[in-house]
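Chains as they are written, first to last, in the numbering used here: chain A, -1 to 578; chain B, 53 to 243. Every residue, glycine too, gets a C-beta built ideally from N, C-alpha and C. Shown next, in C-alpha cells, is the structure this report addresses.
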C-alpha cells in the first residue's frame, strides 16, 4: 500500500517533482504526504506577496532554498499604480534572514527593496547564489556594493529593468580578488558608467561566466576586450553599438565575435551604427535569441541580420522591421517560437514605417513553431485575425496592441469581435491574451465560451456592458489574472461572480464603472479577498454608495488585510480615515 | 434596448444583498447604462462626482487625441529611450548646417538628418562638392588624401569628423568645413 512507504522513500520520490503546481497537488493527497512534502520543499513561488505572509510561508516550509516573489500588479509597468502602493520586500527579507540561514536564491519582481535589505541578504545567507531583481526599485549601487563584497558564492546577479539609484560605478570593484563563481551578470538597466577596469577584472576572474549584459555606457571599443576575456559567453548584451568611424574598433570587434563559439543570445544594441552590424555576423548562424528592440535601424539592415539567423527562436524588434522584414523572418526562421514587435512611435503612425497586419500574418504562416506573440501596430482586420488563428492554433500567448484605442477593422469598419473570437476558438491552449481595437460584448462571449485554458487576460477600452465581464468571469475556467482599464464594466457582473474571484490570483479594474457600494458588498461577502480601492484624486466619498471608484485591486489572501497601505487606499477594514 | 433587457433577465435570479441598480437613485425600472468612458483620468473622476450629484447623462465619447495615461502599454523604460531619440532628431524640420569647401566660391547647406552614418555623409558631401574626401583612420586622421572633413562644435572648436559616435556628432555639429589636406595637417598633429 502506498501509504506504508517509509518517509525517506517518499521524500526521494518527491525530490524529482520540481514544478510548484505538482508539488501543491502532492501536498493535498493526504496528511502524511503534506508533512513529508513540506519538509522537503526547496523552492517556493509566491505570485502575489500579499496573498500570504512570511511567517506563514516559513512555518509551512522550513527548509526552503529558493524564494520567488511578485509584488505590484502588472499594470504598474504602465504607470497605472501610484507611488507608494506597496510591494515591500523588507519584511520578507527580515524574516527569512532569521529563519532560512541556508537560503540560496531570491527572485523578486515589481517589488521595492532597500539597500538595507540588500545588505542584510549579503550577510545573512552564507551560501547565497542567485539574486534576480526584475522591475524592482528602491535601492542604489550601495546595496549592490554590499552584495558584491559579501556574497562569496554568488553565481547570478540580474537587475533586469530595475530602477537603480546610480551613486557610483565603483560597486563592481567590491567583488574580492578571490571571487570566481560568477556565471551571470545583467546590469543593462544601469544609467551611468561603471568602472571599466573593475568590469574587466571581474570578467577575467570568472571562468564560468555565461551571461553578461552590459549597460549603454560601456563603449563599443571596450566590448572586444571583454569578449576576448570571455569567449565562452552564451548570452551577451552589448552597450552602445556605435563608435564613430573606427576601423580598428570594427576589426577588433569582428575578431572577438569570431572567437565566441558558444554565443546563442544577443541583446543591447543601443545607439546602433549600422556599419558596425556585420561585426557580429559570424555568430548569427548559432543565435537562438536576438533582442534588437532598442535598435532604431531600418528594415534593410534588420533583414540582412535575420537572413543570417536560421536558428532563431526568439526575436524582439522595433516596428522598423516593417512587413518586408517580417516576410524575411517567415522565410528564414523556421524555428521561431516567440516574436515581440515594439512601436517606435508611441502615438502616431510613422509614415516611413510600413508595418501592418500583413507582417504578422506572414510570420504565423511561415513559422510553424510560433507560440508567443506581442505585436504593436496601427491597423488590423478580422480576416487577418482569422487567418492568424487558423495558421497558428498552437499559439499560447497572443498580445495584440492596436495603438489607437477602439480602432475598428480597417477594411470593414466592424468591431474586431469575430477576429479575436477565431483566436480563442482555434488556439485551444491559449493561456495569455491581450485585446485591443473596437470590441463589443460579443468578443467576451466568445472568450467565455472558448478560452478554457486562459490564465491571464488584459482588456482595455472594450465592451458595452456588464454582460461582457460576466461572460469572462463565468466562462473562463482557468482564469487567474484579469486586468481591465477603461471599460463599462461594473457592479452587476462583479457581484454575480464573487465566488470566481476567490479562485483567481487577482483582479484589477481602473476607470471602469464599479461603485463603492459594490466594493462594500464584495468585502462583506468574501472575507478571503482583500478589496482595495485606490483613490489617488482624493474625490472618494465612502458614504455615497453610488460613487464610482477610480481603481480597484482585488486579490485572494490568507494573510488578511495588509498593514502597509498608503493613505490613498480604502478598504472595509481600515480605520475611519480610510474606511469604505 | 433589447440587449439591455436581456442583460437584466440574466441577473434576475441572483440574490443581491441590496437592490443594486446600474442607474441612479430615483430612476425608473429600466436603468440606462450610459457611462462616459474616456481614457482621460480626469474624466473618470468627473464621472465619479457627477454620478453622485444628480442625473447627468453623459454619452459615450471617444478618447481625446491627447496622451492617455499608461497607453499604449509600453514600459516607461522603453518609452523614454525612444522618445529621447525622437526629440533629439526632430527639433524643427531639419538639421541644416553650412558646409564650406576651401577654394569654393560659395557655401552649401546640408541636412544632417538625411544621413544615418558617417559613410552616408561622406558620400553625400563628395557628390555635392565633386571632391574626394580621404579615408579616415583613427591614428592619422585624413592624412594621405586631398581633403579632410572638419566641423565646428557647440563650444566653437574645430574638430576632425569621425572621432565620436554618429549620434553624438550630429547633436554637436554646427557647421562643416572641407579643408585642404595640407592645411588640415595641423589638426592631425595633436593626435
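CB contact check: residue i to chain A, cutoff 8 angstroms
i, result
"residue 119/B", "yes"
"residue 167/B", "no"
"residue 216/B", "yes"
"residue 131/B", "yes"
"residue 204/B", "no"
"residue 134/B", "yes"
"residue 223/B", "no"
"residue 122/B", "yes"
"residue 149/B", "no"
Secondary structure of residue i, DSSP reduced to three states
i, result
"residue 468/A", "helix"
"residue 528/A", "strand"
"residue 95/A", "helix"
"residue 330/A", "helix"
"residue 488/A", "strand"
"residue 203/B", "strand"
"residue 231/B", "strand"
"residue 59/A", "coil"
"residue 292/A", "coil"
"residue 454/A", "strand"
"residue 12/A", "helix"
"residue 42/A", "strand"
"residue 202/A", "helix"
"residue 344/A", "coil"
"residue 155/A", "strand"
"residue 31/A", "helix"
"residue 417/A", "helix"
Buried/exposed call for residue i, threshold 16 Cβ in 10 Å
i, result
"residue 551/A", "buried"
"residue 346/A", "exposed"
"residue 125/A", "exposed"
"residue 364/A", "buried"
"residue 113/A", "buried"
"residue 369/A", "buried"
"residue 566/A", "buried"
"residue 53/A", "exposed"
"residue 226/B", "exposed"
Residue i to residue j span [Cα, whole Å]
i, j, result
"residue 220/A", "residue 257/A", "16 angstroms"
"residue 108/A", "residue 479/A", "16 angstroms"
"residue 558/A", "residue 520/A", "15 angstroms"
"residue 121/A", "residue 149/A", "8 angstroms"
"residue 591/A", "residue 146/A", "The structure shown does not extend to residue 591/A, since chain A is modelled only from -1 to 578, so the question has no answer here."
"residue 15/A", "residue 35/A", "10 angstroms"
"residue 579/A", "residue 198/B", "Residue 579/A lies beyond the stretch modelled for chain A, which goes from -1 to 578, so this question has no answer here."
"residue 174/A", "residue 254/A", "27 angstroms"
"residue 98/A", "residue 156/A", "22 angstroms"
"residue 11/A", "residue 30/A", "14 angstroms"
"residue 117/B", "residue 203/B", "Because residue 117/B carries a pLDDT of 48, less than 50, the predicted location of this residue cannot be relied on, and no value is offered for it."
"residue 120/B", "residue 227/A", "47 angstroms"
"residue 27/B", "residue 241/A", "The structure shown does not extend to residue 27/B, since chain B is modelled only from 53 to 243, so the question has no answer here."
"residue 475/A", "residue 134/A", "31 angstroms"
"residue 77/B", "residue 444/A", "The pLDDT assigned to residue 77/B is 43, lower than 50, so where the model puts this residue is not dependable; a value taken from the coordinates is nonetheless given after this. Rounded to whole angstroms, residue 77/B to residue 444/A spans 34 angstroms at the Cα level."
"residue 301/A", "residue 327/A", "8 angstroms"
"residue 215/B", "residue 393/A", "48 angstroms"
"residue 94/A", "residue 42/A", "12 angstroms"
"residue 509/A", "residue 467/A", "14 angstroms"
"residue 555/A", "residue 409/A", "46 angstroms"
"residue 171/A", "residue 212/A", "16 angstroms"
"residue 55/A", "residue 458/A", "35 angstroms"
Strand pairing of residue i, partner residues [DSSP]
i, result
"residue 568/A", "531/A"
"residue 164/A", "Beta-bridge pairing links residue 164/A to no other residue."
"residue 315/A", "290/A, 339/A"
"residue 140/A", "Answer is none; residue 140/A lacks a bridge partner."
"residue 238/A", "268/A"
"residue 210/B", "204/B"
8 angstroms Cβ cutoff, residue i in contact with chain B
i, result
"residue 241/A", "yes"
"residue 77/A", "yes"
"residue 360/A", "no"
"residue 585/A", "Coverage of chain A is limited to positions -1 through 578, which leaves residue 585/A absent and any answer about it impossible."
"residue 272/A", "yes"
"residue 374/A", "yes"
"residue 80/A", "no"
"residue 71/A", "no"
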